[in-house]
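Read in the working numbering, the sequence shown has 42 at position 23, and its numbers run on one by one without any break. What follows is a single structure, written as structure tokens, with notes after it.
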Amino acid sequence: MREIVWKTSEDARAWSAGQWPVIGTDEVGRGPLAGPVVAAAVILPADDGLPGLKDSKATTSRQREALVPLIEARALAFSVVEASVAQITERNILGASLWAMGRAVSEVLATIEDRCNALILVDGNRPIPTELLSGHAPEQIPLIKGDSRSRAIAAAAILAKVHRDTYMQRLHQQFPHYGFEGHKGYPTAAHLEALRRWGPCPAHRPTFGPVARLLKHSL
């Protein structure tokens, strides 16, 4: 696993420029064929006291689970939001992802009295549409590979990832045939084989290719 050395994070650059608070947001679960997409938003203090914090993709599930209570304890504010399968179907996956990030950021913004110098760091290549942010919309900076460039984004990614993994583990208890506990809804060979054998369940995303094709053939 690759280690991240936080020499100068984008959060620190923003603080030195007088921007505060810095809100990091990320989403998890665009690629799976089942389950929600989950977004989180986090404000960390300048000295967050989280030495193990890094890109969620560079951590094990055990490390992420151990970090969650530490992030929640150290964060000045945080929010985790699910966009359901129905919302993904209605809005499409990009729209649902942006909606969830916008909702999470809005919930964090609601805890801030003075937003004039606030900054939102968004993982990815596009900002959240302003109509999805309630009230005053602060400046936004999209950051490609943001969870390796911003500590707040890295924290948000971990909260979102653990929340979604826990959701999929519960879903496995409800629909054990599909193996959600292992692949978390992603299109692995085992998941695709289970789909062919059992057909889609209500947790599957009906507009996603393999699921949509099976639904079409079942008509």
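All C-beta atoms in this analysis are idealised placements derived from N, C-alpha and C, irrespective of residue type, glycine included. Bear in mind that the values here come from a model prediction, so they are computed numbers and not experimental data.
Give the DSSP bridge partners of residue i, in chain order.
| i | result |
| --- | --- |
| Glu46 | Ala58 |
| Gln159 | Ile139 |
| Ala53 | His223 |
Quick one: measure Cβ to Cβ for residue i and residue j, integer angstroms, because I've assumed they're closer than 8 angstroms.
| i | j | result |
| --- | --- | --- |
| Pro225 | Leu234 | 6 angstroms |
| Ala174 | Leu95 | Contact flag wrong, Cβ pair sits at about 11 angstroms. |
| Gly68 | Ser169 | About 17 angstroms separates the two Cβ atoms, so there is no contact after all. |
| Ser98 | Val127 | 5 angstroms |
| Leu151 | Gly121 | 3 angstroms |
| Ser125 | Ser153 | 4 angstroms |
| Val57 | Ala179 | 5 angstroms |
| Asp74 | Asp133 | That pair is no contact at about 31 angstroms. |
| Arg232 | Gly54 | Going by Cβ atoms, the distance from Arg232 to Gly54 rounds to 19 angstroms, so no, they are not a contact pair. |
| Leu52 | Phe227 | 5 angstroms |
| Asn136 | Trp39 | 6 angstroms |
| Ala123 | Val87 | Incorrect: roughly 15 angstroms between the Cβ atoms, too far for contact. |
| Val41 | Asp30 | 5 angstroms |
| Pro206 | Pro229 | 6 angstroms |
Can you say whether residue i is buried or exposed, counting buried as having 16 or more other CB atoms within 10 angstroms of its CB?
| i | result |
| --- | --- |
| Trp118 | buried |
| Gln192 | exposed |
| Lys203 | buried |
| Ala171 | buried |
| Ala62 | The question names Ala, yet the displayed sequence has Ile at residue 62. Counting Cβ neighbours within 10 Å, Ile62 comes out buried, since at least 16 surround it. |
| Ile163 | exposed |
| Pro219 | buried |
| Leu113 | exposed |
| Ser28 | buried |
| Glu158 | exposed |
| Pro64 | exposed |
| Arg21 | Note that Arg21 has pLDDT 38, beneath the 50 cutoff, so the model's placement of it is unreliable and the number below is only indicative. When all chains shown are included, Arg21 counts as exposed. |
| Ala60 | buried |
| His236 | exposed |
| Phe36 | Inspection of the sequence shows that residue 36 is occupied by Ala rather than by Phe. Its Cβ having fewer than 16 others within 10 Å, Ala36 is exposed. |
| Ser116 | buried |
| Leu238 | With a pLDDT of 45 at Leu238, under the threshold of 50, the predicted position of this residue should be treated as unreliable, and no value is reported. |
Which residue comes first and which comes last in the alpha helix (DSSP H) that contains residue i?
| i | result |
| --- | --- |
| Ala129 | Run containing Ala129: none; DSSP gives neither H nor E here. |
| Pro38 | The sequence shown places Gln at residue 38, rather than the Pro named in the question. Unbroken run through Gln38: none, as it is neither H nor E. |
| Glu200 | 199-202 |
| Glu150 | Note, Glu150: premise wrong, no alpha helix (DSSP H); not H, not E. |
| Ala179 | 170-193 |
| His210 | 208-217 |
Any chance you could list the alpha helix (DSSP H) runs of at least 4 consecutive residues sitting entirely within the stretch 78-118, in chain order? 80-93, 104-110
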